[in-house]
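The structure is reproduced here in C-alpha cells:
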C-alpha cells in the first residue's frame, strides 16, 4: 500500500504507463514532486519530472506527447498562478482530443474559501477545458477520483483535471487503488437506414467529391478505394492532410484560409459532396446546400450538420460506414469530372511551384522557398510542429505528408507559441525521432524560455524561425478586411544569437544561397539546433478562392496605405505577392 496519497497517485500514473510529468515545482506540489523523485525515474520504472519554464508549455508538451503516442500524458501546476498558466495549453489539448491529465495543486484545505494567499477556484477554472474535473479532499476518495480521471482522459479522449490541496497530498493513503484495465477501441456501426439513404443519393448523383478531415485517421486505404469506386476527387482539411494526402492519386489539395489546389472547385462543382470525418468550421468555404447535395459521415453525432445543412447524415466510424456503402453503391464509370479536377489541381500546383524556380538568389528570402527546402531535407518519419500564423500556412502548403510523418499544431484552438513546446513534448515521447519546429517570430518570443528547457535536457529538436519582423497572418487579415496594417510589426531580433547563448547550435541566414547548406547542417546536428531565417516581411498567403469583398478590402487597405505615405510599402508588397497570382 502506498504511504501517502501522493505516493498512491504516482503509483496509479505508473500503472497507467505514464513516463513524464511536465511542470514547475512549488510548495503546494511538493508532496507529489517528492513522490515522483522517490519513484526513481522512468529508467527505473518510475516517472521523470520534466522541469519547464512555463506551465502553459507543460500542457503543450503533454498534448504533443499524447497525440504522438496515443498514450496518457501528464502536466502539473502549483496553486494559484501555476494553475492559471496551465489553462491555455489545456484548452489546446482538450480541443485536439489529446489524452492529458493535469494535476492542479491547491492551497491548504483548511484555508479554502478564506481569500488565502494565491487562492483561486480551480474546480471552476478548468471546467471548460476538460471533460472531468474533481477535487480530492480525503484519502478514501483519492484512488477512485484518480481512476476516473485516467479513464476520462484516455477514453474521451481529452483533458481531465485532478485538484489536490498540498496538505491532502501528504495524508496517509487509506486503501489500494483500482487497476486500470482498458478495452480495445470499439467500432461504431451506423444505422442501416441512414447508410441506405446516403447510398441512394450517391447513386443518383452524376459526380461526387469527398472532403476528408482528421476523422479519416486509420482509414486512408478505405477512403482512397471508395474514391476509386465513385471516381471522386478528394480534398482535405488541414487536420486531415497527414492522414489522407499521401499515396492518394485522387488528391486535389486543401480548402480554407490555408488552402491550395483544386479542392475548392472540386467540392463546389460536384453534384454530391461527402464530408468524411471532418468538423471543418469555415462555412464560407463549403458549398451552398441548395446547390450541392451534402452527405456526412462522423463518429461524433454532434458534428453532423452543425456547420452546413446536411441532407444525408450518418453516425458511424469511417471504416465501418465505407465498408457498408461499398456493398450498396453502384461503381461509377465516367472519370470526366475527376480528370478535370486533377488537371486543374496539377495546373495550379505547377504554376505556383514554377514561380519559385528562380528564387534561390533573390533577396529577401521567400518563406515558401525556405519551407520547401526544409521539407525536402527532413527525414521521412519526421515530426513537424508549427506555430499558428504564417508558419502554419507554409507548413500546410509545403510540408509533404507520408505514412510515417506526423504534423502537430494548435489546429483547433489556434494558440500562438505552440511550436517549440509541442516539439519538446514530441522529442521526449520519441527520443530518436527527428522533430522539426516551424516557429514564427511572433509566437516564439511568447514562450522563448522553453529553448532553455530543450538545451537543459539536450533535446535534439530542430527549430526553424521564420523571422519576418511581422505578425504576417494578422497583417493579411487586416488587409482583406480593408484595414491598413497596424500594430503588427515585431522588433528585429537575432534569435540565433539568443539560442547560441542558451546552448543551441545556431545560425542566422539572410541570403537564399546559403539556405540549403544551413538547413542540412541544422538537421544533421547531434543536439538542439536553431536556424534563424530572415524572410520577406511582405510575403503573404492568399487563400485559393478569393471573394470580391476580399479583393475590394485588399485594394482599399492598399489605398489607405498609399494615402498615409506608404506608397513604397504598397509597391513592395505587390512585388512580393504577385507570384501568387498564377495559382489563383
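Residue numbers (our numbering): 1372 to 1955. Even for Gly, the Cβ is constructed at its ideal location relative to N, Cα and C. This structure is a prediction, so every number in the text was calculated from the model and none was measured.
- Among the bridge pairs identified by DSSP, residue 1906 is matched with 1736.
- In the DSSP assignment, no residue is bridged to residue 1867.
- Minimum Cα-Cα distance from residue 1869 among the listed residues 1812, 1882 and 1376 corresponds to 1812.
- Inside the region 1802 to 1837, DSSP marks whole beta strand (DSSP E) runs of 3 or more residues at positions 1806 to 1811, from first to last along the chain.
- Per the DSSP secondary-structure output, residue 1625 pairs in a beta bridge with 1607 and 1631.
- Residue 1672 and residue 1611 have their C-alpha atoms some 18 Å from each other.
- Membership of residue 1664 in any alpha helix (DSSP H) is not indicated; the residue belongs instead to the beta strand (DSSP E) covering 1664 to 1669.
- Shown here, residue 1450 sits in coil according to DSSP, grouped into three states, outside any helix or strand.
- In the DSSP assignment, residue 1884 falls outside any beta strand (DSSP E) and carries neither an H nor an E.
- For residue 1644, there is no enclosing alpha helix (DSSP H); the residue is part of the beta strand (DSSP E) that begins and ends at 1643 to 1647.
- For residue 1490, the three-state secondary structure derived from DSSP is coil.
- Nearest to residue 1737 by C-alpha distance, out of 1770, 1795, 1905 and 1758, is 1905.
- Straight through space, the alpha carbons of residue 1640 and residue 1626 are spaced by roughly 14 Å.
- Cα atoms of residue 1568 and residue 1650: separation of roughly 21 Å, rounded to the nearest angstrom.
- The Cβ atoms of residue 1474 and residue 1403 lie closer than 8 Å to each other.
- Within the region 1399 to 1480, complete alpha helix (DSSP H) segments of at least 4 residues are found at 1401 to 1409, 1426 to 1440 and 1452 to 1466, given in chain order.
- Close CB contacts of residue 1908 within its chain, under the 8 Å cut and outside five residues either way in sequence, are with 1735, 1839, 1840, 1841 and 1843 (chain order).
- Within the same chain, 1424 and 1873 come within 7 Å of residue 1823 by CB-CB distance, once the 5 residues on both sides are set aside.
- Only residues of its own chain outside the window of five on either side were considered, and among them 1376 and 1507 have a CB closer than 6 Å to the CB of residue 1513, listed in chain order.
- Excluding its 5 nearest sequence neighbours in each direction, residue 1632 has C-beta neighbours in its own chain below 7 Å: 1623, 1624, 1625, 1716, 1719, 1720 and 1915, listed in chain order.
- Between residue 1387 and residue 1443, the C-beta gap is smaller than 8 Å, which places the two residues in contact.
- By the CB criterion at 8 Å, residue 1466 and residue 1784 fall inside the cutoff.
- The beta carbon of residue 1701 sits closer than 7 Å to those of 1574, all from its chain and outside the five residues before and after it, given in chain order.
- Membership of residue 1694 in the alpha helix (DSSP H) is indicated by the continuous run 1689 to 1699.
- Scanning its chain for C-beta atoms nearer than 6 Å, with the 5 sequence neighbours on each side dropped, one finds no residue around residue 1697.
- By the neighbour-count criterion, in which a residue is buried when 16 or more other Cβ atoms sit within 10 angstroms of its Cβ, residue 1415 is exposed.
- Closest by C-alpha distance to residue 1599, out of 1578, 1795, 1892 and 1752, is 1578.
- Between residue 1501 and residue 1399, the CB-CB gap reaches or exceeds 8 Å.
- Relative to the Cα of residue 1492, the nearest Cα in the group 1470, 1532 and 1509 belongs to 1532.
- Non-local C-beta neighbours of residue 1890 in its own chain, meaning closer than 6 Å and more than five positions away in sequence, comprise 1744, 1745 and 1748, ordered along the chain.
- For residue 1769, the uninterrupted alpha helix (DSSP H) segment begins and ends at 1761 to 1769.
- In this structure, residue 1741 sits near residue 1837, with a CB-CB distance shorter than 8 Å.
- One Cα belongs to residue 1803, the other to residue 1396, and the distance between them is close to 28 Å.
- Pairing residue 1638 with residue 1582 gives a Cβ-Cβ distance under 8 Å.
- By the CB criterion at 8 Å, residue 1877 and residue 1903 fall inside the cutoff.
- In this structure, residue 1464 keeps its C-beta atom at 8 Å or more from the C-beta atom of residue 1539.
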